[in-house]
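Numbering (the working numbering), first residue to last: 921 to 1089. By construction, the Cβ of each residue, glycine as well, lies at the ideal position given by its N, Cα and C atoms. If you're wondering where the values come from, they're calculated on a predicted model, not measured in any experiment.
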């Protein structure tokens, strides 16, 4: 559920998809024509995903200060943000051309993605941001600190894309 929450959060806060089915169908593994030709079960799954989307969207619109990502809890306690972040990154990749501007290191808004991308790996299992600097300070920061900024950057990403119309054409 954590990865799904991250995926949906990226669809809510990032560049707009032309059609919600462009992100909803791939995340569910359903065909693009699901609304026209799907079963009652398919429609129920689609509706469940729409409810998750609406919950996140309403929180970010009405009470952005209350937004909290749904991270996985580790078996021994503590938070594991990796599944959530990887889900967010997977949604970005569905629409990567529209995220490209924000991925540019020279873009001052690029920093909004850092607390998320620090936990992501690409298709080959390599860290998206490159290999982290070795040392206990970096390991401690990644393990215990970086994820805390995600709840702050998500509303800022939504603001950037939906209020200031940052989306590239």
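### Query
Would you say the segment 932-941 touches the segment 971-982, given that touching needs at least three Cβ pairs under 8 Å?
yes
### Message
Quick check: the segment 1057-1073 against the segment 1015-1026, are at least 3 beta-carbon pairs closer than 8 Å?
### Response
no
### Query
Among residues of its own chain, excluding the 5 on either side of residue 1049, which ones have a beta-carbon nearer than 6 Å to its beta-carbon?
1037, 1038
### Message
Please classify residue 1089 as buried or exposed, where buried requires at least 16 other C-beta atoms within 10 Å of its C-beta.
### Response
Caution is warranted here: a pLDDT of 49 is assigned to residue 1089, below 50, making its placement in the model unreliable, and no coordinate value can be reported.
### Message
Could you pull the DSSP bridge partners for residue 867 from this structure?
### Response
As displayed, the chain neither begins before 921 nor continues past 1089, which places residue 867 out of reach and without an answer.
### Query
Could you check where the alpha helix (DSSP H) with residue 976 kicks off and where it finishes?
960-982
### Message
Less than 8 Å between the beta carbons of residue 928 and residue 948, yes or no?
### Response
no
### Query
When the Cβ atoms of the segment 981-994 are set against those of the segment 944-964, are three or more pairs found closer than 8 Å?
no
### Spatial neighbours of residue 1002 in its chain, beta-carbon cut-off 7 Å, leaving aside the 5 residues before and after
1039
#### Entry: Beta-carbon separation (whole angstroms), residue 1007 vs residue 925, contact threshold 8 Å
7 Å
### Query
Going straight from the alpha carbon of residue 922 to that of residue 999, what length do you get?
11 Å
### Query
Quick one: what does DSSP say residue 1090 is sitting in, helix, strand or coil?
The chain is shown from 921 up to 1089; residue 1090 falls before or after that span and cannot be answered.
### Query
Comparing the CB of residue 957 with every heavy atom of the ligand SAH, is any distance shorter than 7 Å?
The ligand SAH is not part of the structure shown, which contains no ligands of any sort.
### Query
Shortest alpha-carbon distance to residue 984 belongs to which of 1032, 1075, 1080?
1075
#### Entry: Paired residues, beta bridge with residue 1047 - DSSP
1041
### Message
In this structure, how does DSSP classify residue 950 when only helix, strand and coil are distinguished?
### Response
coil
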